[in-house]
Amino acid sequence: MKITFPYMGTSHLVISFFLKELGHEIVYPPVPSQKTLSLGVKYAPEFACLPFKILLGTYLEALELGADTILTSGGCGPCRAGYYGEIHRRILHDLGYPVKMIILEPPLVSPRDFLHQLAELVRPKGWLNFAKQFRIAWAKLKVLDELESTLHKLRPLALSKQEITKVYEEGLELIDQARSVKEVKAALEEALSRLHNVPIDPYCQPLKVGLIGEIYVVLEPFANHDVEKLLGEMGVYVHRSIFLMNWTRDNAFGYGEKDVRAAAVPYLNQLVGGHGQNSIGEVVRYAEQGFDGVIHLAPFTCIPEIVSKSIMPAVSRDKGIPVLTLFLDEQTGQAGIQTRLEAFLDLLRQKRMKQEAS
Amino acid sequence: MRVGIPRTLSYFTFYPLWKPFFETLGAEVIVSPESNKELLDDGVRNTVTDACVPIKLFHGHVAALIDKVDILFMPRLVSLDGKSTLCPKFLGLPDMVKYSIAGLPEIIENRLDLKKGKMELYRFLYGIGRRFTANRLKIMHAIYRAKYNFANYRKLLFKGLTPVEAFACLEGGQEPSVQLIDGALKLAVVGYPYNLYDNFISIGLLTKLRRYGVQVVTPEMVPDKEMKRLSKKLRKNLFWYYSNQVVWAAIYYLEDKNLDGIIHLTAFGCGPDSMTNKIIELECKAKKVPFITVSIDEHTGEAGVETRVEAFVDLIKRKKGMV
Ligand code: SF4
Ligand code: SF4
């Protein structure tokens with residue numbers, strides 16, 4: 000069994016570690032690129048959402064590299080993501096790849112299925128080893144989130160943006176190499192202290208922007224044209240609403256961030272799948288916390304975010320917080336995004352100046 | 000009291016339920032005009048550009064009712080079978096409309112979620128009834144009449160009538176006889192009821208096919224029992240009610256040896272259909288049954304659809320040696 004898996008943000012560090020320690024041979028897919036996307040676009044339905052296309056492209060690339068098994072997640076709706084695996088399988092089989100797909104459904108939805116699929120992954124080295132490695136993988140997920148959020152805070156202040164990005168990547172490397180919970184913790188300490196050693200301008204008062212929207216395009220830099228880094232380098236503090244851990248936790252245990260949803264209720268009193276309702280709630284919360292603005296990312300044709308976008312103008316007006324919605328598809332270019340971001344940041348700066356003047 | 004019902008989306012599934020219900024409660028039911036260009040343009044102006052055509056059109060229908068009714072019926076339909084939900088855009092529909100169109104009258108936006116149990120439909124209707132009368136008996140009577148009419152409606156569908164024909168029939172019109180010409184082509188036209196039976200959206204697809212002498216079958220004509228059987232056939236069902244109906248119906252008709260082809264009617268920008276369409280395409284491919292997708296958007300011209308469908312019918316006829 001030569002197993003591969005899709006990218007989403009830094010999650011591949013943990014997934015590949017875990018699979019390797021469980022005793023599997025891994026085929027690393029290439030980092031998503033324009034080529035990946037073109038492949039996906041070619042074989043995916045036209046109106047499939049962007050993540051679907053990138054994933055399909057990734058699978059095709061990995062299959063060319065010799066993978067014969069794909070590990071991915073399922074889900075129970077109401078959004079499309081939970082059905083991706085089924086359609087991917089049909090498309091790949093139709094293209095003549097006899098690939099096997101291990102689709103992990105949320106354990107609480109279908110415990111039997113979940114255990115069944117899990118058992119297959121655990122088989123080579125047994126459950127004891129699984130328990131041990133699971134703890135390490137879990138620890139890694141947590142520290143990856145911490146490292147990233149620290150990077151978000153420091154990047155706008157750093158004197159050299161290049162340096163801080165480099166130091167962060169070294170930190171990822173350290174965490175990747177850790178082989179026990181203790182080592183993971185030590186790696187984090189080390190990575191954090193290195194980040195804090197990068198010279199910063201302590202007097203800088205960066206604009207504060209919240210980043211919300213559909214999980215995949217929020218987490219995967221290729222899908223969002225590295226918007227976090229772009230903003231950080233423009234000297235903006237980006238607070239991302241979604242991290243790997245809150246996603247892993249919500250999906251594994253079936254409960255969500257209740258208070259974010261509660262904040263959305265006056266505007267949208269209904270779960271609409273994906274992060275649709277969260278997006279509304281998060282704008283409310285960012286406004287309350289004095290953020291300057293919110294950037295809302297969504298794939299083109301994304302159902303929940305179309306719902307949230309329709310309601311967004313009302314929330315933005317009521318709460319007095321500007322929101323920039325970017326719908327991303329295969330035609331979106333980085334230059335276009337950059338221009339729109341710059342215009343948006345100008346607006347935020349003016350707003351702040353007015354506030355300070357009054 | 001005048002109750003406004005937009006003539007789209009769930010209208011084609013439930014009108015025979017809503018109408019007697021409100022009328023028995025003593026209200027006057029006002030339906031928006033048949034879909035047309037102005038309604039759609041109006042809807043397009045009032046919605047985010049990224050929405051699908053049916054949602055835009057819905058906004059147009061709502062706008063058309065604004066000054067004509069006292070209360071607008073726009074329930075939040077969450078689950079109709081206790082298992083799947085509707086497309087997320089249905090789930091957020093009342094909110095989308097409220098924040099997009101100004102000057103709306105009072106709205107009935109009760110939630111119908113059969114995941115909460117079998118009695119939900121009663122609770123839903125009862126809750127609405129209370130807004131019209133305090134008389135419990137009157138509400139129960141309205142529910143009874145609604146369900147009775149609805150059951151009759153479903154019977155007509157299973158006979159092969161389209162919803163619009165069935166509506167006319169229930170209002171006292173003649174029951175059109177569904178006559179079969181010997182050796183006629185049999186095509187399944189699958190898609191959401193609000194696309195199939197809205198003549199403006201479908202650009203008269205069903206009528207056209209019938210004019211060519213084709214026997215047309217649609218998802219609404221598949222008996223409940225069969226749907227239930229088919230609901231266990233896929234390794235994993237879709238999450239959306241109407242999408243499942245469409246896929247199951249396609250599989251049902253594919254079991255029929257006499258079926259000559261499938262047409263999937265889909266609207267521009269529809270998220271669920273990117274998946275539905277792929278499944279149907281591959282199922283048809285496996286069975287070697289001819290298949291086309293007819294996709295409609297704000298600008299689809301009548302001529303384009305006509306040529307495509309004609310070519311498809313000709314292709315099948317040639318394949319069967321009929322020409
Ligand atoms: S949330 Fe949006 S992008 Fe993600 S699967 Fe659903 S429709 Fe696609
Ligand atoms: S199912 Fe498709 S056409 Fe219907 S509301 Fe949803 S996205 Fe629109």
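For the protein sequence lines, the chains are A and B, in the order given. If you count by numbering that gives the first Met the number 0, then the first sequence holds residues 0 to 357, one letter each, in order. If you count by numbering that gives the first Met the number 0, then the second sequence holds residues 0 to 322, one letter each, in order. Built from N, CA and C at the ideal position, the CB exists for glycine as well.
Minimum C-alpha distance to residue i - residue among the options
i, options, result
"isoleucine 294 of chain A", "A:Leu114, A:Ile302, A:Met311", "A:Met311"
"leucine 171 of chain A", "A:Lys160, A:Leu156, A:Glu189", "A:Glu189"
"arginine 209 of chain B", "B:Thr299, B:Glu305, B:Met0", "B:Glu305"
"lysine 114 of chain B", "B:Phe123, B:Ile106, B:Glu108, B:His58", "B:Phe123"
"lysine 139 of chain A", "A:Phe16, A:Pro303, A:Gln269", "A:Phe16"
"lysine 1 of chain A", "A:Ala43, A:Phe326, A:Asp345, A:Val98", "A:Val98"
"phenylalanine 157 of chain B", "B:Tyr98, B:Glu225, B:Phe199", "B:Glu225"
"aspartate 175 of chain A", "A:Tyr82, A:Asp291, A:Glu20, A:Lys34", "A:Glu20"
"lysine 308 of chain A", "A:Gly335, A:Phe4, A:Gly212", "A:Gly212"
"lysine 88 of chain B", "B:Tyr14, B:Cys51, B:Ser273", "B:Cys51"
"glutamate 219 of chain B", "B:Asn236, B:Glu37, B:Trp247, B:Phe238", "B:Trp247"
"serine 201 of chain B", "B:Tyr14, B:Ile262, B:Phe149", "B:Ile262"
"alanine 285 of chain B", "A:Ile279, A:Pro44, A:Ile90", "A:Ile90"
"leucine 56 of chain B", "B:Leu111, B:Glu297, B:Asp313", "B:Glu297"
Residue i: CB within 7 angstroms of a non-hydrogen atom of ligand 2
i, result
"aspartate 66 of chain B", "no"
Strand pairing of residue i, partner residues [DSSP]
i, result
"isoleucine 107 of chain B", "B:Phe72"
"phenylalanine 290 of chain B", "B:Ile261"
"glutamate 27 of chain B", "B:Arg1"
"histidine 295 of chain A", "A:Ile211, A:Thr324"
"histidine 238 of chain A", "A:Gly209"
"alanine 187 of chain B", "B:Val216, B:Ile261"
"leucine 266 of chain B", "Contrary to the premise, residue 266 of chain B reads as alanine rather than leucine in this sequence. B:Ile295."
"threonine 3 of chain A", "A:Ile69"
"aspartate 112 of chain B", "B:Ser78"
Test: residue i CB closer than 8 angstroms to a CB of chain B
i, result
"arginine 248 of chain A", "The predicted position of arginine 248 of chain A is uncertain, since its pLDDT is 49 and thus under 50; a value taken from the coordinates is nonetheless stated next. It does not; no Cβ of chain B falls within 8 angstroms."
"glycine 253 of chain A", "With a pLDDT of 42 at glycine 253 of chain A, under the threshold of 50, the modelled position of that residue is not reliable, and no figure is offered here."
"cysteine 203 of chain A", "no"
"leucine 267 of chain A", "yes"
"phenylalanine 326 of chain A", "yes"
"phenylalanine 133 of chain A", "no"
"serine 37 of chain A", "no"
"isoleucine 86 of chain A", "yes"
"alanine 261 of chain A", "no"
"serine 309 of chain A", "yes"
"phenylalanine 299 of chain A", "yes"
"alanine 222 of chain A", "no"
"alanine 286 of chain A", "no"
"valine 271 of chain A", "yes"
Any non-hydrogen atom of ligand 1 within 7 angstroms of residue i CB
i, result
"glycine 272 of chain A", "yes"
"cysteine 360 of chain A", "There is simply no residue 360 of chain A to check, as chain A begins at 0 and stops at 357 in what is shown."
"cysteine 203 of chain A", "no"
"tyrosine 215 of chain A", "yes"
"proline 298 of chain A", "yes"
"proline 303 of chain A", "yes"
"proline 155 of chain A", "no"
"cysteine 75 of chain A", "no"
"proline 105 of chain A", "no"
"cysteine 48 of chain A", "yes"
Any C-beta of chain A under 8 angstroms from that of residue i
i, result
"proline 87 of chain B", "yes"
"tryptophan 239 of chain B", "yes"
"aspartate 41 of chain B", "no"
"lysine 235 of chain B", "yes"
"threonine 323 of chain B", "Residue 323 of chain B lies beyond the stretch modelled for chain B, which goes from 0 to 322, so this question has no answer here."
"tyrosine 193 of chain B", "no"
"aspartate 296 of chain B", "no"
CB contact check: residue i to chain E, cutoff 8 angstroms
i, result
"lysine 99 of chain A", "Judged by its chain identifiers, the structure shown contains no chain E, and its protein chains are A and B."
Next item on the list: Considering only heavy atoms of ligand 3, list every residue whose Cβ is less than 5 angstroms from one of them, following chain order.
Entry: In the structure on display, ligand 3 does not appear, and the ligands it does have are ligand 1 and ligand 2.
Next item on the list: Enumerate, from N- to C-terminal direction, the unbroken alpha helix (DSSP H) stretches of 4 or more residues contained entirely within the stretch 190 to 238 of chain B.
Entry: 192 to 195, 204 to 210, 223 to 229
Notebook entry, point to check: Going along the chain, which unbroken runs of the alpha helix (DSSP H) with 4 or more residues stay wholly within the stretch 110 to 172 of chain A?
Noted result: 110 to 121, 125 to 153
Next item on the list: Just list the alpha helix (DSSP H) runs in the stretch 30 to 67 of chain A, keeping only unbroken ones of 4 residues or longer that don't cross its boundaries, in chain order.
Entry: 33 to 42, 49 to 63
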